[in-house]
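Structure first, commentary second.
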Amino acid sequence: MAHITINQYLQQVYEALDNHEGSFCAELLSFKHPHVANPRLQLPNPEDKCQQVLEPPYDEMVAAHLRCTSAAANHDFIEAYKFQTLVAFQAHKEENCCFRVCASDNRAGLDDSKKWGMLFLINQLFKIYFKINKLHLCKPLIRAIDSSTLKDEYSMAQRVTYKYYVGRKAMFDSDFKPAEECLSFSFQHCHRSSQKNKRMILIYLLPVKMLLGHMPTLQLLRKYDLMQFADVTKAVREGNLLLLTEALARHETFFIRCGIFLILEKLKIITYRNLFKTVYQLLRSHQLPLEAFLVCLRMMKVDGLDLDEVQCLLANLIYMGHIKGYISHQHQKLVVSKQNPFPPLSSVS
Amino acid sequence: NSGCSPRGTCQSMCPNRELQERESQNRLHRFETLAGTEKRAGERCRRPRADPKRTVKEYSRPAAGKDSTRPSDLRPPAVLLRTVCYLIDDIVYDFAFDRLRSVRQDMIIQRTAGPESRAVLERTVRLLAYASFRLCGEPLRLYDPRINDTHLQESLSWLLRCYDTEPGPHGNREEFQALSLLYNLGSSRVLQHTLELPERLRSSPAIALALSINRAFSERNPVRLLRLAQRLSFLQSCALHRHMAAVRRDLLLLYSHGLSSRNCRFPLPRLAKLLALDVAHAGQLCRAHQLEVHQDDQVVFSKTCFSEPEPGGLHSNGSSRLVLVASDVPRRRLEREEEIVNERRVRVIAALGF
Chain A
196 MAHITINQYL QQVYEALDNH EGSFCAELLS FKHPHVANPR LQLPNPEDKC QQVLEPPYDE
256 MVAAHLRCTS AAANHDFIEA YKFQTLVAFQ AHKEENCCFR VCASDNRAGL DDSKKWGMLF
316 LINQLFKIYF KINKLHLCKP LIRAIDSSTL KDEYSMAQRV TYKYYVGRKA MFDSDFKPAE
376 ECLSFSFQHC HRSSQKNKRM ILIYLLPVKM LLGHMPTLQL LRKYDLMQFA DVTKAVREGN
436 LLLLTEALAR HETFFIRCGI FLILEKLKII TYRNLFKTVY QLLRSHQLPL EAFLVCLRMM
496 KVDGLDLDEV QCLLANLIYM GHIKGYISHQ HQKLVVSKQN PFPPLSSVS
Chain B
5 NSGCSPRGTC QSMCPNRELQ ERESQNRLHR FETLAGTEKR AGERCRRPRA DPKRTVKEYS
65 RPAAGKDSTR PSDLRPPAVL LRTVCYLIDD IVYDFAFDRL RSVRQDMIIQ RTAGPESRAV
125 LERTVRLLAY ASFRLCGEPL RLYDPRINDT HLQESLSWLL RCYDTEPGPH GNREEFQALS
185 LLYNLGSSRV LQHTLELPER LRSSPAIALA LSINRAFSER NPVRLLRLAQ RLSFLQSCAL
245 HRHMAAVRRD LLLLYSHGLS SRNCRFPLPR LAKLLALDVA HAGQLCRAHQ LEVHQDDQVV
305 FSKTCFSEPE PGGLHSNGSS RLVLVASDVP RRRLEREEEI VNERRVRVIA ALGF
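Protein chains in written order, with the working numbering: chain A, 196 to 544; chain B, 5 to 358.
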């Protein structure tokens with residue numbers, strides 16, 4: 196075991212998987228087994244070799260384990276722990292019982308992990324996953340922390356970082372209420388002196404709050420040097436689609452780099468709602484001709500629209516609960532409720 | 005019989021005369037023989053027998069003295085269509101899918117990079133995208149959409165990674181970035197990746213159109229989406245195809261809520277146009293969602309009535325015909341199958357980039 200080549204090792208893993216030899220497989224991935232001392236297995240870049248022999252997800256798992264042995268050999272134990280944890284957490288995902296054996300093998304190590312700063316490591320892993328754009332890998336980590344009894348015993352700094360990433364993941368999944376809770380927690384508890392960190396949290400908190408109907412003040416934007424949001428805010432508040440399109444285009448690069456461009460585009464629906472509410476207030480009637488909305492949109496230089504699309508937009512707003520009423524196709528009119536036809540944004544989820 | 009073209013009467017994929025002839029001359033293709041009758045090693049001159057269910061008329065050059073217009077040798081349009089479907093669905097897809105997979109395997113083992121491997125991946129993606137549309141209604145034993153999807157996604161990500169990391173020129177990059185956007189409609193991951201591409205690429209017609217279709221999807225505007233989809237090329241429509249049912253369902257859902265009233269009478273022809281379907285299919289779709297259609301002509305939208313169709317009721321066999329994008333399907337009756345067969349053949353050839 197201490198002298199086999201990388202190819203022989205991978206072949207053994209492959210055969211163990213193929214023959215469902217759970218415990219042998221676990222040994223090949225365990226840190227207690229002599230193979231970890233084998234210098235021929237300590238490859239810093241094992242992915243290619245693993246991919247040649249093994250199918251996903253085992254190729255990634257074994258590669259992580261080999262990176263771990265390499266790191267450990269260089270006495271880089273933080274690195275090593277990180278990769279072995281990766282293997283263990285991936286194992287929790289797999290139904291395959293041979294990896295449950297492997298995971299329980301590591302559990303003794305995990306319980307001692309408090310002093311290793313498990314949340315610190317998890318936050319580092321989040322950072323990596325966001326960078327390489329593999330957000331789905333965050334889920335098992337979040338599950339592990341949520342089910343852990345230690346979660347309130349970590350330092351506030353770590354909890355702020357943790358909530359920041361969980362909030363961003365929720366944003367990505369379009370779960371805006373949980374995203375708002377996490378990012379708000381993060382922002383409020385972030386240390387007053389970390390202006391840079393507070394700004395980073397705000398970059399993600401602002402779009403979520405705006406989607407839920409809460410617009411930031413200019414004062415806040417100025418304080419944290421986020422004036423890119425100023426025109427966007429103004430446009431949404433006024434129902435000004437033209438300004439919104441311009442504002443998004445002007446700061447496109449910034450928004451895309453932060454990964455919030457797509458979410459900000461969702462503000463269009465809120466903007467339509469605000470615009471149509473203005474039409475209602477101007478016409479002072481509960482029966483609004485569809486033509487009026489079309490004219491209004493054309494004034495906002497929204498091109499290529501016709502009555503069919505207007506009808507669809509309105510139907511969507513009604514469906515979402517932003518407008519209380521119905522469209523009469525025969526009369527080509529939007530008939531709104533006499534009571535509170537445009538409920539406040541914060542009351543509509 | 006001058007001025008009158010011959011009309012075929014052969015009802016099988018291969019005329020009997022030819023089947024007998026090729027069988028006796030030992031000129032049957034491997035795919036045409038009856039199982040168990042093939043020649044085995046060591047046997048003397050054993051001629052395989054033809055399987056009439058799998059023998060297909062072969063091409064033979066017209067020659068002086070040879071009569072190629074005998075009606076019993078010619079297959080009428082309906083039989084021609086059956087023949088083509090057999091060839092593409094049962095033979096071509098299965099064989100090509102498997103052999104292409106082996107090609108990719110060779111590529112992985114050798115860690116190949118460069119223009120040839122990209123060309124391989126491009127052709128693979130085109131075939132699998134076309135298959136996802138063409139075979140979507142087929143029974144599981146012939147075509148598994150999930151397996152096709154896995155391979156299509158793998159090949160597509162691999163190809164896009166090559167574009168990102170290998171030096172150009174990448175003449176077809178726009179085409180495939182657009183296909184990825186359409187096949188993965190609504191995926192934030194693919195959208196974000198596209199937004200990070202250089203401006204020059206992003207504003208190319210194919211990608212710009214795919215982006216606006218995605219935008220219409222995320223704004224939940226199915227009317228706009230279906231309208232934009234009419235501008236897609238055939239292969240792009242194939243890539244978008246699997247999302248069409250959901251988009252149409254969404255339109256009916258939104259209208260059921262927005263136009264819900266007792267007196268609602270929405271004209272069916274207008275709805276059909278919005279749905280990019282012909283009137284008959286539009287009516288069928290409404291009824292499948294429990295929406296009443298009065299006098300075959302007017303839809304009664306009602307939020308209390310709208311519901312999901314019975315599983316398998318609508319979107320199994322025949323779904324491929326139902327959810328085809330109108331602009332790309334010749335709106336012809338089945339009497340003109342001949343033209344359909346020809347057009348499909350041309351499209352397959354064009355779509356595969358040959």
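Note that the Cβ used here is the ideal one computed from N, Cα and C, for glycine as well.
Cutoff 8 Å: residue i Cβ touching any chain A Cβ
i      : result
B/S324 : Caution is warranted here: a pLDDT of 35 is assigned to B/S324, below 50, making its placement in the model unreliable, and no coordinate value can be reported.
B/N225 : yes
B/S192 : yes
B/I113 : yes
B/S311 : no
B/A330 : Only weak support exists for where B/A330 lies, its pLDDT of 36 falling under 50; the value from the coordinates is given anyway. Output row for B/A330: interface = no.
B/E314 : no
B/E22  : no
B/R228 : yes
CB contact check: residue i to chain B, cutoff 8 Å
i      : result
A/F367 : yes
A/K463 : yes
A/C293 : Confidence at A/C293 is low in this model, with a pLDDT of 40, below 50, so the placement of that residue is unreliable and no value is reported for it.
A/D503 : yes
A/I451 : yes
A/Y357 : no
A/V296 : Reliability fails at A/V296, whose pLDDT of 40 lies under 50, so the model's placement of it is uncertain and the value that follows must be treated cautiously. So no, A/V296 is outside the interface.
A/N301 : Since pLDDT at A/N301 reaches only 49, below the 50 mark, its modelled position is unreliable, and no value is offered.
Assumed close pair residue i, residue j - CB separation to whole angstroms, cut-off 8 Å
i      : j      : result
B/E27  : B/R51  : 7 Å
A/Q423 : A/H446 : 4 Å
B/L272 : B/L255 : With 8 Å as the limit, B/L272 and B/L255 do not qualify as a contact, their Cβ atoms being about 14 Å apart.
B/L275 : B/A286 : 6 Å
B/F270 : B/F305 : 6 Å
A/L529 : A/L509 : 6 Å
B/A123 : B/L239 : Contact doesn't hold; Cβ gap of about 16 Å is too wide.
B/I211 : B/A243 : Going by Cβ atoms, the distance from B/I211 to B/A243 rounds to 13 Å, so no, they are not a contact pair.
Amino acids of chain A, ordered along the chain, whose beta-carbon sits closer than 8 Å to that of residue i
i      : result
B/Q240 : Those do not exist, as B/Q240 stays about 20 Å from chain A at its closest Cβ, beyond 8 Å.
B/R219 : E460
B/E170 : Chain A residues near B/E170: none, gap ~16 Å exceeds 8 Å.
B/S222 : L457, E460 and K461
Neighbourhood of residue i by C-beta, 8 Å cutoff - its chain only, sequence neighbours within 5 removed
i      : result
B/T73  : P10
B/S323 : Unreliable positioning characterises B/S323 in this predicted model, as indicated by a pLDDT of 38, which lies under 50. A coordinate reading is not provided.
A/F450 : Q423, L443, F456 and L459
B/G118 : E170
Neighbouring residues, chain B, relative to residue i (Cβ below 8 Å)
i      : result
A/N392 : What A/N392 touches in chain B: nothing, since even the nearest Cβ is about 23 Å away.
A/L508 : N225
A/Q206 : Simply none; closest approach about 15 Å.
A/Q247 : I112 and I113
Beta bridge counterpart(s) of residue i as assigned by DSSP
i      : result
A/I522 : A/L529
A/L483 : A/L529
B/H298 : B/Q302
B/P271 : B/Q302
B/A54  : B/T37
Residue i: contacting residues in chain A (beta-carbon distance under 7 Å)
i      : result
B/Q196 : G454 and L457
B/F180 : Within chain A, no residue comes near B/F180; the closest Cβ sits about 19 Å away, beyond 7 Å.
B/Y259 : A510
B/C268 : H524
Cross-chain neighbours of residue i in chain B, by beta carbon under 7 Å
i      : result
A/S523 : S265
A/I178 : Nothing can be reported for residue 178 of chain A: it is not among the residues displayed for chain A, which extend from 196 to 544.
Nonlocal neighbours in the same chain, by C-beta distance under 7 Å from residue i, ignoring five residues either side
i      : result
B/W162 : L125
A/F367 : L330
B/Q15  : V83
A/Q207 : L223
A/N328 : none
A/V543 : M515, G516 and H517
A/K496 : L437
Same chain only: Cβ atoms within 6 Å of residue i, ignoring 5 sequence neighbours per side
i      : result
B/Y147 : L139
A/P373 : A365
B/N176 : E126
Within chain B, the residues that residue i reaches when beta carbons sit closer than 9 Å
i      : result
A/N328 : R193, Q196 and H197
Listed by chain order, chain A residues near residue i by CB distance under 9 Å
i      : result
B/L278 : D503 and C507
B/E200 : I451 and R452
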